[in-house]
Amino acid sequence: MAIYVLLGPPGGGKGTLAKLLRERFGYLHISTGDILREEVRRETPLGRQVRDCMGRGALVPDELVGAVVAARLAEDEIRRRGCFLDGFPRTLVQARLFERLLAEAGLALDRVILMATDDVDRLIKRLTGRRVCGQCRAVCNLVYSPPRQPGRCDHCGGPLEQRGDDTEPTARERLRVYAEQTEPLVRFYEERGLLLRLDAAREGLELLSEVSLALGLS
Ligand code: ADP
Ligand code: ZN
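424 is the number that my numbering gives the last residue of the sequence shown; the numbers go up by one with no jumps.
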């Protein structure tokens, strides 16, 4: 089964697209951000190591994220269902490490989907307006997809919360870090002929059909 990477700035809609792809085609959605946040929530040793970095909007050390991804690549389910990686790799060091991990696992990277945008205002609005349900983890946005009842999840009525790193100063720092450390991956994957560029300003469902068509998913 195929392995895909979703690349793009914070707020670019990687998570939303990955969720749609999982629902429509059954691909696994591996979000290193979600995995790390869960470790922080459970106060595991890894969670304690990465909490401060994440709170500041900085990247966590390459070797820690690398270990998380290596563990997932070893799972059989990836071979059965294929996956969309969301949030990894995020640095050139990680991209090279990823090539090694894939080779060791006998897997190959099929395509890298770039959610391209330079509309910083919109990214900031998406990030600062994002709310996550404390109960079912559904995501909404106060600006773009407001909940029917203020502060309550549309799906389960649970309390809506803001991620600690979605405040404006930290969101801006994450965009800066993206431009500095992650954007070089666009060239890296372009040179390998793996890049598929999408316009991140488009609607989730539109993106879903464009990706499905481009990748020949059915
Ligand atoms: P977003 O793409 O919206 O910034 P993520 O949920 O992907 O959010 O990541 C949140 C945070 O988790 C990052 O700011 C960083 O601290 C950490 N993180 C996630 N993936 C990686 C990675 N591949 N390398 C380093 N840090 C990561
Ligand atoms: Zn909910």
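Here a beta-carbon is modelled for each residue, glycine too, at the ideal position from N, C-alpha and C.
Query raised in the report: Using the C-alpha atoms, what's the distance from Gly312 back to Arg382?
Result: 35 Å
Query raised in the report: If we call anything under 8 Å between Cβ atoms a contact, is Ile330 one with Glu397?
Result: no
Query raised in the report: Which residue's Cα is closest to the Cα of Ala164: Arg332, Ala322, Glu367, Val326?
Result: Missing from the structure shown is residue 164; the chain here goes from 207 to 424 and no further.
Query raised in the report: Going by beta carbon distance, what residues of the same chain come within less than 8 Å of Arg285, once the five residues before and after it are set aside?
Result: Met207, Leu313
Report task. Keeping to the same chain, check which residues put their C-beta closer than 6 Å to that of Leu423; ignore five residues upstream and five downstream. Result -> Phe231
Requested in this report: Could you check the C-alpha separation between Ala264 and Glu379 for me, to the nearest Å?
Outcome: 8 Å
Requested in this report: Would you mind sorting Gly219 into buried or exposed? The rule is 16 or more other CB atoms within 10 Å of its CB.
Outcome: buried
Query raised in the report: Beta carbon of Ala301, beta carbon of Asp405: below 8 Å?
Result: no
Query raised in the report: Where do the ends of the beta strand (DSSP E) carrying Ser351 lie?
Result: Looking at the DSSP string, Ser351 is not in any beta strand (DSSP E), and its letter there is neither H nor E.
Query raised in the report: Among the residues of its own chain, which have a CB less than 7 Å from the CB of Cys362, if the five just before and after it don't count?
Result: Cys339, Gln341, Cys342
Query - alpha helix (DSSP H) segment containing Val150, residue limits - result: Given that the chain is displayed from residue 207 to residue 424, the structure contains no residue 150 and the question cannot be resolved.
Query raised in the report: For the alpha helix (DSSP H) that contains Phe290, what are its first and last residues?
Result: Run containing Phe290: none in the alpha helix (DSSP H); it sits in the beta strand (DSSP E), 289-292.
Query raised in the report: Helix, strand or coil: how does DSSP classify Cys259 here?
Result: helix
Query raised in the report: Is it true that the region 266-281 meets the region 235-249, where meeting means three or more beta-carbon pairs spaced less than 8 Å apart?
Result: yes
Report task. Could you name the residues that DSSP lists as bridge partners for His235? Result -> Phe290
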